[in-house]
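Trainee: Under the UniProt record's numbering, the first residue of the sequence shown is numbered 1, with each subsequent residue one higher.
C-beta atoms are modelled at their ideal positions from N, C-alpha and C, and glycine is treated no differently.
Computed from a predicted structure; not experimentally measured.
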Amino acid sequence: MSDAPPRDWRTVVVDDDPDIRHLMELAAQRAGTTVIATAEDGPGALATILEHAPDLVLLDVSLPGMSGLEVLYHLVSALGGSTAPRPRVVVVSASVGPIDRERTTAAGADAFVPKPFRVRDLASTLAGHIAAWR
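1) Buried or exposed, going by whether 16 or more other CB atoms sit within 10 Å of the CB of Ile49?
2) Considering only their Cβ atoms, is the gap separating Val89 from Leu126 smaller than 9 Å?
3) I need the straight-line Cα distance from Glu25 to Gly97, nearest angstrom please.
4) Taking 9 Å as the cut-off, decide whether the C-beta atoms of Val92 and Val76 are in contact.
5) Find the nearest neighbour of Leu23 within the set Trp133, Ile99, Ala123, Ala132, judged by alpha-carbon distance.
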């Protein structure tokens, strides 16, 4: 099995800070995915994810309008009875305590990456997760 993820993974990137969002986009692209959409707030994130049905979501927790965890709860609820597969969700957050990580896992996140991050490290982490999820 190749270490490089397939190019067909479609990604949605969500962060309210445009600079961080851009860095997350770069990391997703370097990990071999195609960024198909971005969002900057919770309600926009949920709508974008449901509209585009990505394979992967990079999701910040602290978002205006609705937290990233609320987005995740709504996403799991919306797709729970659906035949559509739920995207893999990687939470990228500055809230890095053990309780924060437990909450993201309980909400349905597939992985957690702390902020701040280096683009190359996030890209490597994403590529590793994607390879394991194939």
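Mentor: So, from the data block:
1) Answer is buried; the Cβ neighbour count reaches 16.
2) Not a contact, by the Cβ cut-off of 9 Å.
3) If you draw a straight line from the Cα of Glu25 to the Cα of Gly97, it comes to about 25 Å.
4) No.
5) Ala123 is the residue among Trp133, Ile99, Ala123, Ala132 whose C-alpha sits nearest the C-alpha of Leu23.
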